[in-house]
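First the structure, in the form of structure tokens, and then the observations on it.
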Amino acid sequence: MTPDSLPRDPAPDATLALLRQGYRFIPDRCARFGGDAFRTRLLGREVLCFSGPRGVRLLYGAGGLTRQGAMPPTVLRLLQDKGSVQQLEGAAHRHRKALFLRLLVEEEAGETLATDFRRAWAERLRQQGETRVLDSASDTLAEVACRWVGFGPQISADADLRRALYLMSARTGSVGPRVLMALLRRRRVERRLARALDTLAPGSPGHRIARFAEDGRPLPPEVAVVEILNLLRPIVAVGRYIAFAARILVVEPRWIPWLRAAEDPELEAFCEELRRTSPFFPMTAALTTRPVRHEGLDLPEGQWLLADLWGPMQAASAFARPEDFDPARGQSWRGQDSAFAPQGAGDLASTHRCPGEKVTLALMAAGLKVLCRDLDWHAPPQDLSVALNRVPARPESGVILSGITPRA
Ligand code: HEM
Numbered sequence: 001m002t003p004d005s006l007p008r009d010p011a012p013d014a015t016l017a018l019l020r021q022g023y024r025f026i027p028d029r030c031a032r033f034g035g036d037a038f039r040t041r042l043l044g045r046e047v048l049c050f051s052g053p054r055g056v057r058l059l060y061g062a063g064g065l066t067r068q069g070a071m072p073p074t075v076l077r078l079l080q081d082k083g084s085v086q087q088l089e090g091a092a093h094r095h096r097k098a099l100f101l102r103l104l105v106e107e108e109a110g111e112t113l114a115t116d117f118r119r120a121w122a123e124r125l126r127q128q129g130e131t132r133v134l135d136s137a138s139d140t141l142a143e144v145a146c147r148w149v150g151f152g153p154q155i156s157a158d159a160d161l162r163r164a165l166y167l168m169s170a171r172t173g174s175v176g177p178r179v180l181m182a183l184l185r186r187r188r189v190e191r192r193l194a195r196a197l198d199t200l201a202p203g204s205p206g207h208r209i210a211r212f213a214e215d216g217r218p219l220p221p222e223v224a225v226v227e228i229l230n231l232l233r234p235i236v237a238v239g240r241y242i243a244f245a246a247r248i249l250v251v252e253p254r255w256i257p258w259l260r261a262a263e264d265p266e267l268e269a270f271c272e273e274l275r276r277t278s279p280f281f282p283m284t285a286a287l288t289t290r291p292v293r294h295e296g297l298d299l300p301e302g303q304w305l306l307a308d309l310w311g312p313m314q315a316a317s318a319f320a321r322p323e324d325f326d327p328a329r330g331q332s333w334r335g336q337d338s339a340f341a342p343q344g345a346g347d348l349a350s351t352h353r354c355p356g357e358k359v360t361l362a363l364m365a366a367g368l369k370v371l372c373r374d375l376d377w378h379a380p381p382q383d384l385s386v387a388l389n390r391v392p393a394r395p396e397s398g399v400i401l402s403g404i405t406p407r408a
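First residue of the sequence shown? That's 1 in UniProt numbering, and the numbers climb one at a time after it.
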């Protein structure tokens, strides 16, 4: 079967619809056209959109794909950027990816970051007495991440730089002046970090990236900075998951005593259910570099592909009563489940699946410990709705907590 036999979106170009509908753009069209894939045009270019395990398996398993040229340049610059591991394929990708897996999965990054974050965020909230979780968790994560990467206070104590790290992810779905400002800020951060490369603590993750050899030579400084940002930016972005965690505690407070009593595996299961239910990374993109045959489809070279990550996690075919928040479902980052892919799926070493899932879960669990075990608080009336047309999504208020005191 060739792409021509798949349903076609009748709109001449669907870019505005994508901006208007956000997370619902691909799954709603698949439901309307019947099936798990359809053809449309975005930014004037032909694209094949998938919602479901087949598309996830294609982008996280099939050979003959590249991420280069698959994302709009502004999104690429704010997220992974040129020269990053995400832009590599084959042996070069596996070699660089192995470094990320050592730093983030095999070693103790999750534990180290989670311990520092729990201490620093609890202390900050105790002092402030009230907070907007999205802001304070993200800002504290920025400080903790800069320290862990190996920078001293000249970087970690710079509030503008920490804010710029937050905005790199927060502005990816924006258009116009806001995205332009975020790009300018990113430029400034890159220059700042490039000047600070010599100050990285010996043996720290940042130092190891700066010394990492490819073809017998260390990474060029601009690439080292891109990869250091590939650690800092997404650690800060975990603040968004922590805001979703705070939201569920406000909306369904029965989870608070449950979490106080939970053992670590239950806490992790709770975080996994949060990752399933919290809209974050909507879709990933790739291009075929040669003709590819995948699960009944014959794709030509140069085919642009989008795989929906959010929709499959809400499908009743994979998750019974998907609208219910239920930590007992059993999905886990340790598996290779193509219906549960909040940070990609497939084999970690050879695909573009995110190497940061272990760290993400450790930081989410630390955030929940602060909110349930370290502090008491109450939530004033506020708008906790989550608009699915805004990418990345967030609880509208950012989750405001007040009357924060240490838990007796
Ligand atoms: C905040 C929650 C996070 C989300 C929603 C997320 C999402 C993703 C997704 C969907 C991908 C796959 C991109 C693709 O297929 O092209 C990815 C890749 C990646 N992520 Fe994450 N991520 C998160 C946290 C992290 C953390 C904490 C780190 C590091 C500390 C990290 C580092 C990376 C890197 C380096 C890649 C590129 C991997 C490759 O190309 O092989 N991410 N992430």
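From the three backbone atoms N, C-alpha and C, an ideal C-beta is built for every residue, glycine too.
Source: prediction; values computed, not measured.
About 11 angstroms separates the beta carbon of L48 from that of H294, a gap too long to meet the 8 angstroms contact definition.
DSSP lists P406 as the beta-bridge partner residues of L375.
Around the C-beta of V226, 16 or more other C-beta atoms lie within 10 Å, and the residue is accordingly described as buried. Taking non-hydrogen atoms of ligand 1 into account, the C-beta of A285 is found less than 8 angstroms away from one of them. Between E106 and S5, the alpha-carbon positions lie close to 44 angstroms from each other.
Our two residues, E263 and V149, have alpha carbons roughly 29 angstroms apart in a direct line. With respect to the 9 angstroms criterion, L193 and I155 are classified as neighbours on the basis of their beta carbons. Taking the C-beta atoms as reference points, W333 is found no nearer than 9 angstroms to A70. Comparing C-alpha distances from V391 to each of S174, V144, V189 shows the shortest one belongs to S174. With respect to E273, D326 sits close: the two C-beta atoms are nearer than 9 angstroms. In terms of Cα proximity to G356, the closest of F100, G64, E130 is F100.
Taking non-hydrogen atoms of ligand 1 into account, the C-beta of C354 is found less than 8 angstroms away from one of them.
A buried status is given to V179, since no fewer than 16 other beta-carbon atoms sit within 10 Å of its beta-carbon. Shortest Cα-Cα distance from F280 to any of T360, D383, A14 involves T360. Nearest Cα to P381 within the set V251, D324, P300: V251. A straight-line Cα-Cα distance of about 19 angstroms links V238 and D81. Unbroken alpha helix (DSSP H) stretches of 4 residues or longer found wholly inside the stretch 193-257: 205-211, 221-251, given in chain order. Taken through DSSP and simplified to helix, strand or coil, V386 comes out as strand.
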